[in-house]
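This report refers to the structure that appears directly beneath it.
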Amino acid sequence: MDWLTPEEWQAVALSLRVSFWATVFSLPPGIAVAYLLARCEFPGKQILNGIVHLPLILPPVVTGYLLLLTMGTQGPVGGVLKDLFGLVFAFRWTGAALAAAVMAFPLMVRAIRLSIELVDPKLELAGATLGAGRLWVFATVTLPLILPGILVGAILAFAKAMGEFGATITFVSNIPGQTQTLPSAIYAFLQVPGGEGSALRLVAVSVGIAMGALLLSEIAARSVSKRIGRA
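For the sequence shown, position 3 matches number 150 in our numbering, and the numbering has no gaps at all.
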């Protein structure tokens with residue numbers, strides 16, 4: 148990407164880093180929550196479902212502000228993490244990853260949940276009748292069948308994280324080289340005279356990454372589906 152300036156490339160690299168870790172750390176809880184919502188009945192299920200999908204409904208700035216209140220150094224959770232483990236999220240790139248993960252989590256859960264609901268429960272029941280525990284049935288029966296949904300959910304979450312702006316800028320601000328992700332950099336360039344060229348180049352990168360992620364999700368889902376069908 149020689150046609151990008153060092154500052155522009157820095158924003159792209161930071162966005163890729165933030166999106167990668169946001170996806171990696173949200174995937175295990177995403178699978179667990181999706182399974183709970185798809186297969187289990189328990190008190191408060193609709194409340195959990197509402198909380199999971201709340202970031203899709205709330206303005207992103209509100210989500211970012213709530214993260215700042217809870218995960219900031221003076222917040223009930225952020226303060227404890229800082230005192231006990233030295234972990235600080237507010238105004239750090241790790242906070243950008245956290246905000247991106249929160250905003251992308253509903254998309255990931257929804258894709259995985261739909262794939263779990265498509266699995267015939269009789270297949271899981273057959274494994275259970277042979278003496279396998281629930282965890283083993285999930286690992287050997289359910290998980291291979293929902294791999295396309297997991298891949299689609301992860302890729303869509305990555306793409307969403309790449310484009311996250313409102314929650315990120317509210318929680319970690321827009322500090323060049325530290326928290327200035329690709330959308331934040333585009334916004335910053337548009338605020339200064341002569342920055343349209345840089346903004347346009349970053350927009351082109353954003354569109355390319357988004358289209359690439361959507362194409363990759365389709366290819367990955369079809370590939371895994373074919374392999375499962377031949378198994």
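Glycine is no exception: its CB is placed at the ideal position from the N, C-alpha and C atoms.
Q: Use the C-beta contact count for Arg257: other C-beta atoms within 10 angstroms, 16 or more gives buried, fewer gives exposed.
A: buried
Q | Helix, strand or coil at Gly222 according to DSSP, with G and I counted as helix | A | coil
Q. Hey, quick one: how far does the alpha helix (DSSP H) through Pro190 stretch, first residue to last?
A. Counting along the chain, Pro190 falls outside any alpha helix (DSSP H), and DSSP gives it neither H nor E.
Q | N- and C-terminal bounds of the alpha helix (DSSP H) containing Val284 | A | 281-284
**Q.** 6 Å Cβ shell around Ala185 - same chain, five flanking residues per side excluded
**A.** Arg260, Ile263, Glu264
Q.
I need the straight-line Cα distance from Arg377 to Ala367, nearest angstrom please.
A. Any answer about Arg377 is weak, because its pLDDT of 49 lies below 50 and its placement is not dependable; what the coordinates show is given next. Going from the Cα of Arg377 to the Cα of Ala367 covers about 16 Å.
Q.
Measuring straight from C-alpha to C-alpha, what distance separates Gly274 and Ser173?
A. 28 Å
Q. Short check: CB of Pro330 to CB of Thr317, under 9 Å?
A. no
Q: Measure the C-alpha to C-alpha separation of Leu277 and Tyr182 and round it to an integer number of angstroms.
A: 21 Å
Q: Quick one: which unbroken alpha helix (DSSP H) runs of 4-plus residues sit fully inside the region 223-311? Chain order, please.
A: 225-232, 240-264, 268-276, 281-284, 290-310
Q: Tell me whether the beta-carbon of Lys307 lies closer than 9 Å to the beta-carbon of Met358.
A: no
Q. In or out: Ala244 buried (at least 16 other Cβ within 10 Å) or exposed?
A. buried
Q | Where Trp240 falls, given that 16 or more other Cβ within 10 Å makes a residue buried | A | buried
Q: Could you tell me how far apart the beta carbons of Met255 and Gly300 are, in whole angstroms, since I believe they sit closer than 8 Å?
A: 4 Å
Q | Start-to-end residues for the alpha helix (DSSP H) that takes in Thr317 | A | 313-319
(Q) Rounded to the nearest angstrom, what separates Glu155 and Ala335 at their Cα positions? (A) 11 Å
(Q) Suppose you measure from the CA of Leu272 to the CA of Ala179; what does that come to, to the nearest Å? (A) 19 Å
Q. Which same chain residues, not among the five before or five after Pro202, have their C-beta less than 8 Å away from its C-beta?
A. Thr210, Val249, Met250, Phe252, Pro253, Ala314
Q: Would you identify the three-state DSSP class for Gln327, choosing helix, strand or coil?
A: coil
Q. Applying the criterion that 16 or more other CB atoms from any shown protein chain within 10 Å of the CB defines a buried residue, is Leu234 buried or exposed?
A. exposed
Q) Smallest Cα separation from Gly310: which of Leu163, Pro153, Leu151, Thr152? A) Leu163
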